[in-house]
Structure formats: structure tokens, C-alpha cells
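Accompanying notes for the structure given below.
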Amino acid sequence: MNAMPSEIGQIVWRHRNVIDVDCFTREELYFLLDQARHMENVMDRPIKKVPVLRGKMAVNLFFENSTRTRVSFELAEKMLSADVVNWSVSGSSHAKGETMRDTAWTLEAMGADIVVMRHGAVGSAQYLASKLKRAIVLNAGDGTHAHPTQALLDLYTAWKHLGNLEGKKIALVGDVLHSRVARSDVIAFRTIGCEVVLSGPPTMMPKEIDSLGCRYEKDPRKAVEGADMVYLLRIQRERQQDGLFPSVDEYHRWWGADDNLMKYAKPGALAMHPGPINRGVEIASEVADGHQSVILEQVRSGVAIRMALLYLCGGGAR
Amino acid sequence: MGKTLFKDFKIFSGTEFLEHSEVLVEDGRISKIGNGLDSTGADVIEGSGKILSPGFVDLHAHFRDPGGEWNEDIASGARAGAAGGFTTLVAMPNTKPAISEPSLVEYVLSHGKAAGASRILPSGCVSKNREGKEMAELLKMSEAGAVFFTDDGAPIATSSLFRLALMYTGKDQPRIMEHPEEISLFRGGQVHEGKVSALSGLKGIPAASEEIDVARGIALARETGGRVHFTHLSSAGSLGLVRQAKKEGLDITCDTTFHHLTLNENAVINSGYNSRYKVNPPLRSIEDQAALWEGLQDGTIDAVVTDHAPWHMDEKDEPFQEAPFGIASLECAAAVMIDFKNKNYPDIPLELILKKMTSSPASLLTEKWQSLGRIEEGAAADITVIDMDRTRIVDCSEWYSKARCCPWEGIALSGWPVMTFVEGNKIWQDNEDI
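Sequence order for the protein chains is A and B. In terms of this note's numbering, the first sequence opens at residue 25 and continues consecutively. In terms of this note's numbering, the second sequence opens at residue 481 and continues consecutively.
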């Protein structure tokens, strides 16, 4: 726990901000996973607190509601002894009449060391990082673009179950087009050496999927075939109103994960979901509550991986 | 008005380089082109081999005046144009209020004249208040001095209005300039639909949104015999349609922008989604960009325009998804183009590029202005001097323009305009060139 990064795996941690997972090498990802394992041990101690961020101020700046991500970050920050402020702004920065850069500078003037931000606009985390002089930025989701800590916690969960992830296969099924989780997961799992296959309605797939470096199968059974991990993406019901698929029922029948779909995967394959789950839409209860589901473990992993990132970017590593 | 002799220049006529090296300007007009001209009583400007070109003609610039003057006004835009080597700028009418009646056409003309910089030529809306419903007073606006009719910022709202406007204007009135876009495919769009939308999750604007409207305009031109000019074309498919229409003999013309020729979607990706690359139509694929260069060479593209869309930094400096569309480029567009061509298309003659910035766009203006963009005896002395050896770093803080939304900020470019004259009057000079 007190070991400096250079003593573990001979890595010098060069990241201050985490905007997306594309900044990490495979070696850095494994290093991070290893750090998260140490952090998870802290979660099991009778006194769940270590002093690595003592005296540092973390601000959770949330422009969109996301209780679970915010709480996960908050727990991670508190277990590392940071002082935590939650700053929630409903709607966009514009709605408040203040630009994001003014909000950012205000936070810095108050002494923020770490800013965790969730915002509805693509590019907002990168933008915030470019405006801050001292504080670091951890992206907790910028629009449909990236959700790096989700991808890292997914990786961590998979790694704990499967060990070396090289050559393993993951199928991501659902609304890839609007999913920051899918985008970051594709990068993270590919960087670590997995084969990534996408499935879902063609109307919810980006054009030029090739540029993401993975294959698309319209038929989820083909996507899932032989997979070590089946990852269901959340379906926003308003997408149906946008006309991207005709009905929730039809979606579930074609792309929803039930025991039958899971049969095409490897025996014992992991069923994963970023939450919150829509039972009977992208996932049937028999899968969500079944023995293959690691959905709640993912939640626990989230705290550990966020502790590891906070430690490396904003705490003991400097 | 006096006499000026331009001596020892490489003279570009608007279509080709001439053998002569001297131009005599008297009373605002070019009186003689030759060698060893009589310099008695004339101010002499020594060129030392620099290029003397017709002043650049930009068919598409936005000035936010009236209604958005903190972003740009006509005077600041006219001065920015001068500093970029542009002697004629066509002002787009999507202001607040929109330029859709003769008095507003006169407003643009008179404010342009008062600026004493680049010549500002107004365009008028096709529809009243740019609402896309009823046809505006096109003939009155034409009399007042409008040189194009366009609802730019949006396509002409309905095909029936488009058709009526083409029938009504015919061949004797300003051309209809169409901003080609199928709105239902655009809604909420942010970037090119392709690699950049796949990677970012930003909503894509498919190339088809442009191509469908180009196809519509061509069909209507064919039926009415009217003239359509498509502006800021960005996709390979659109060029294919225009190429075909030209072959067919229809009176179809088009332009593309300096930024679509010199940037593509990779710039958006590599910048980490910096809003200075946010523009509509979006920066498209590298293949589309190559197709634009092909269209420039085979004559499909008639003009290169800035689509100068100025925003004050307070408006533009936002996360990508929240920032407005628009690139401001008047003060560096020519250098961007020359520099890019020399580095990426060294075999394309400079004449071709300059032609698409001078005589070729001028020929699409109304009759009164069609002789602009040429260095010939009797023509207005609109002159831009280009120094191909000048290297400068783009520094928006020095701009006359109020806008700062420029993708080339901080980049060193070679080949700059250094002096600009309108009707023989020097309206701008690069300070370091004195």
C-alpha cells in the first residue's frame, strides 16, 4: 500500500488527468489493476481509511445526475482521506448562466486539487483540463464520448475472474451509438489484448465501426459465440421514441440477454452491465441474478479502481 | 486621384502569369500593363519579384451586423478582409434582422463603404425574414445592389419556394446561392458522420444530408432553366452531382471553403475535440478532402470561399458539443491555401489556386462586378501583393477581426499577402513589409 509506483512493476506514472482510457498502455493498465487490488484490500479493513490524500480537496462536479458514479467517487475519495465537496449543477453550464471555465476557475480559487466531472457535452472533460492550472481532472463521463473509470472497473472485474485477458473475447450488446461506456470499453479491452465484438440494432451502431477496431454482428448469438464476457449496454427508453427501434419488446426478443443467448457464450462466461439495469429490456432477470452475473462485483470494483486512479494521479505518486 | 506605378512584379492576370512586370494605375483603374512604363508623376512601388494579383474575391463571409456586432461588424470584417488580401467580400444575409429588404441591402452597402477597406457586396435572402415561406422582394434588392440571393445558414425551406425563386430570377438576376442541407438528417449533428462520430459519440452529419439537397437544386435548375450556386460543398458525392450537371450543360456552379480543402475530420479527433474545429458543414473524411482537390483541378469547383463565421471567444470557447459552428479565417485563408498547396500539392500550379480566388468567383457576381478579379487595362485597380517568401505565425490576437475561432492559431505559414489596394487606394499593408 505504501509502496511507491516505481517499486511495483517499474512504472513511472505519467498521468495527471484522465480524460479517456486511450492514454494508457497495456503495461499501465495492468499496473493500475494491480494497484486496485491493493485498494480493494483497504475496503475490507475494519477501518476503511488510508491517509494518501489527506489534506487534498476533491470536488465532484456533476452537471448530470448520476448518483452511483458520484457516490462511488465519493467513497473512494473518503477512503483515501481527501476532503470531499459535491457540487451539482442541474442542466448545462449555460442553464446556470455561468460558463464552464468560470465554474472551473472558481473551484480552483477555492483550492480544489482534484476535480471529478460528469457533463453532458462531448469534449467537456478535455476542455476543463485545458482551463485548470493546478487541479487535476478525472472524467466521470462526458456526453456520449468517454467514461474511463467505468471501462477500468470493467477491466478490473474481468481480470479478477479471468486472469490474463490476452486473447479473451468480449461481446458488447446494445446501443453502442450513444454509449460512452461502450466507447471506453472497446478501447480498454482492445488495449489489454481482447477480441471485441459488437452487436445491437444497426440503427444504434456508429457508421464506420471499423474505426473503433472491432467487428459488428447484427445477430447477437454470433457476437456472443465463444465469448468469455457478455456485456449488456443500457437501453435508454427515449431512444425508442426517437424511432431507433420499434418497441422494447422487439428489442428484448432480438438483443436482450436471456439464458438462451448466454448458451452461445463459453460455459461460465461473465455477464456484465454498467447499471442501472433495465430488467426485461437489455437483460432478463434470469441472467442479471444468475450465477454468471458479476454486476454487483462491478459496483464494488468501481470504488477500488477509482481509489487507485486517485492515488496515482492525485496522491502518493508525486 | 494620383498615379501609381507597380514595378518589377510577377503579374497574375486572374487566369495566368503575364510576361510584363509593370502595372500603371491612374484614378483607381489600371491604365497600362507593360515594361518600362513612364513613371512621371507616379508613386513607384517596387515589387522585387513579388506577385501582383487581382484582389481576392470571397463569395461567402458572415459579419453578424446588424444584430451580433460583438462577434463582428461590417467595419471590422472589411478590415479583416483587407488584411487577408481580399478586396471584395460578399456578406451573407443571415443577420438579425435578416437582410431581406432593400433598405437593409443599402445598410450593408453604406456601412461597407464607410469602413474604407475591402469592398462589401450584400446578398439578400430568398425568403422574407429568412423564414422560408414567402419570396422576398428579390428585384428591389437586386436594384439596391444585392449580388446573390440565399437563405444561407439554412437551405431554402421548401422545394416550391426554391423553384419559384429560380423561375422568378431567371438568368438576368443575381444567382441563387444554396446552402445544401437536408435538415431532417442534420438535426443535432455535430461532426462528420464517419470515423469522428464513431470515436467521439458526437452526432454525425451524413454526407447524404448535403448530397440530397444538391440533387434537389440540380433537378430544379434543370426544370426551370435557373441558375444555382451551391456553397461550401464538402463531400465527394456532391461534387460528383455537380460535375454531372455541368456536363449536362446546366447553369450550376459551386464553391468549397479554405478549411474543407486544408483540414479533415482527423483534425477534430487529434485536437481532443477542440471547438475551434467545429464547423458546418463539418470537416469530412480524408477521401472527401482529396475529392475537393480533384474538383478544383477539373473545374467542377468554381471558387474557394472563407465562409468566415466569426464568434467572439466568449461564445466559441466552450466544450465542443456546446460551442457554435464556425471558423474565422479571413486574415489567414490565403496563406493557409498557398502553404497547404505548396506542401501537399506542389505540382498544382499556383495560377489555379489564385484563379479560384479571383477571376473565377468574380464571374459569378452580378454584371456590374464581373470584371473584378482581373488585372487588365481598364479594370478597377483591386490589387493584392503576395510575398511567397514571407513566413508568419498566425496570431489571432493581432487580428482586425473580432473573432478568435481559428484552427491555424500558432501555426507558421509561408506565402502571405502583404499589400492590398481597392480601386488604387492602399487599404492595408503588412507592417513588416514597409
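Here a beta-carbon is modelled for each residue, glycine too, at the ideal position from N, C-alpha and C. None of these values were measured; they are calculated from a predicted model.
{"Asked": "N- and C-terminal bounds of the beta strand (DSSP E) containing HIS169 (chain A)", "Found": "No beta strand (DSSP E) contains HIS169 (chain A), which DSSP labels as neither H nor E."}
{"Asked": "Identified DSSP bridge partners for TRP908 (chain B)", "Found": "B:THR900"}
{"Asked": "Three-state class that DSSP yields for ALA110 (chain A) in the structure shown", "Found": "In the sequence under discussion, the amino acid at residue 110 (chain A) is Asn, which differs from the Ala named in the question. Residue state, collapsed to three classes: strand."}
{"Asked": "Whole-angstrom distance between LEU131 (chain A) and ARG158 (chain A), CA atom to CA atom", "Found": "11 Å"}
{"Asked": "ARG239 (chain A) versus GLY564 (chain B): straight-line alpha-carbon distance, rounded", "Found": "47 Å"}
{"Asked": "Cβ separation of LEU19 (chain A) and VAL220 (chain A), assumed to be a contact under 8 Å, to the nearest whole Å", "Found": "Nothing about residue 19 (chain A) can be read from this structure; chain A reaches only from 25 to 342."}
{"Asked": "Boundaries (first-last residue) of the beta strand (DSSP E) holding CYS734 (chain B)", "Found": "732-737"}
{"Asked": "Alpha-carbon to alpha-carbon, LEU682 (chain B) and ILE35 (chain A)", "Found": "34 Å"}
{"Asked": "For VAL95 (chain A) and VAL113 (chain A), the rounded distance between their alpha carbons", "Found": "16 Å"}
{"Asked": "Sub-8 Å separation of LYS675 (chain B) and GLU745 (chain B) beta-carbons", "Found": "yes"}
{"Asked": "PHE486 (chain B), enclosing beta strand (DSSP E) - first and last residue", "Found": "483-487"}
{"Asked": "Where THR227 (chain A) sits in the DSSP three-state scheme", "Found": "helix"}
{"Asked": "Counted within 10 angstroms of its Cβ, other Cβ atoms place GLY904 (chain B) as buried (16 or more) or exposed", "Found": "buried"}
{"Asked": "Touching by the beta-carbon criterion (3+ pairs, under 8 Å), the stretch 733-742 of chain B and the stretch 878-886 of chain B", "Found": "no"}
{"Asked": "Residues of the stretch 652-685 of chain B whose Cβ lies closer than 7 Å to any Cβ of chain A, in chain order", "Found": "GLU673, GLY674, LYS675, SER677, ALA678, LEU679, SER680, GLY681, LEU682, GLY684"}
{"Asked": "Test item: CB-CB of VAL327 (chain A) and MET67 (chain A) under 8 Å", "Found": "yes"}
{"Asked": "Amino acids of chain B, ordered along the chain, whose beta-carbon sits closer than 7 Å to that of ILE233 (chain A)", "Found": "ALA678"}
{"Asked": "Straight-line gap, PHE55 (chain A) to GLU310 (chain A) (C-alpha atoms, nearest Å)", "Found": "35 Å"}
{"Asked": "8 Å Cβ cutoff, SER148 (chain A) in contact with chain B", "Found": "yes"}
{"Asked": "Three-state secondary structure (DSSP) of ASP632 (chain B)", "Found": "coil"}
{"Asked": "Own chain, CB closer than 6 Å to ASP787 (chain B), minus 5 neighbours either side, in chain order", "Found": "HIS540, HIS712, THR737"}
{"Asked": "Assigned secondary structure, ALA295 (chain A) (DSSP; H/G/I helix, E/B strand, else coil)", "Found": "strand"}
{"Asked": "Whole-angstrom distance between VAL272 (chain A) and TRP111 (chain A), CA atom to CA atom", "Found": "35 Å"}
{"Asked": "Minimum Cβ-Cβ distance from LEU56 (chain A) to chain B less than 8 Å", "Found": "no"}
{"Asked": "Ordered list of alpha helix (DSSP H) runs contained in the stretch 620-704 of chain B, each at least 4 residues", "Found": "639-649, 663-666, 675-680, 687-704"}
{"Asked": "Collapsed DSSP secondary structure at PRO534 (chain B) in the structure displayed", "Found": "strand"}
{"Asked": "Closer than 8 Å to chain B by CB, ASP236 (chain A)", "Found": "Note on identity: in this sequence residue 236 (chain A) is Leu, with Asp being the wrong assignment. With 8 Å as the cut-off, LEU236 (chain A) counts as an interface residue toward chain B."}
{"Asked": "Sequence-distant residues of its chain with Cβ nearer than 7 Å to ALA861 (chain B) (five each side left out)", "Found": "VAL505, GLY508, ARG509, ILE510, PHE901, GLU903, GLY904"}
{"Asked": "Local Cβ density within 10 Å of ARG342 (chain A), reported as buried at 16 or more and exposed below that", "Found": "Below a pLDDT of 50, predicted positions are generally treated as unreliable, and ARG342 (chain A), at 40, falls in that range; no measurement from the model is reported."}
{"Asked": "Where the alpha helix (DSSP H) through ILE818 (chain B) begins and ends", "Found": "813-824"}
{"Asked": "Inter-residue CB distance, ALA145 (chain A) and PRO799 (chain B) (contact presumed, cutoff 8 Å)", "Found": "4 Å"}
{"Asked": "Residue range of the unbroken alpha helix (DSSP H) whose run includes GLY592 (chain B)", "Found": "582-595"}
{"Asked": "Residues of the stretch 802-823 of chain B whose Cβ lies closer than 9 Å to any Cβ of chain A, in chain order", "Found": "GLU802, ALA803"}
{"Asked": "Distance CB(ASP252 (chain A))-CB(ILE194 (chain A)) smaller than 8 Å", "Found": "yes"}
{"Asked": "Other residues of its chain near LYS512 (chain B): CB distance less than 7 Å, five sequence neighbours each side excluded", "Found": "LEU504, GLU857"}
{"Asked": "Beta bridge counterpart(s) of TYR255 (chain A) as assigned by DSSP", "Found": "A:LEU196, A:MET296"}
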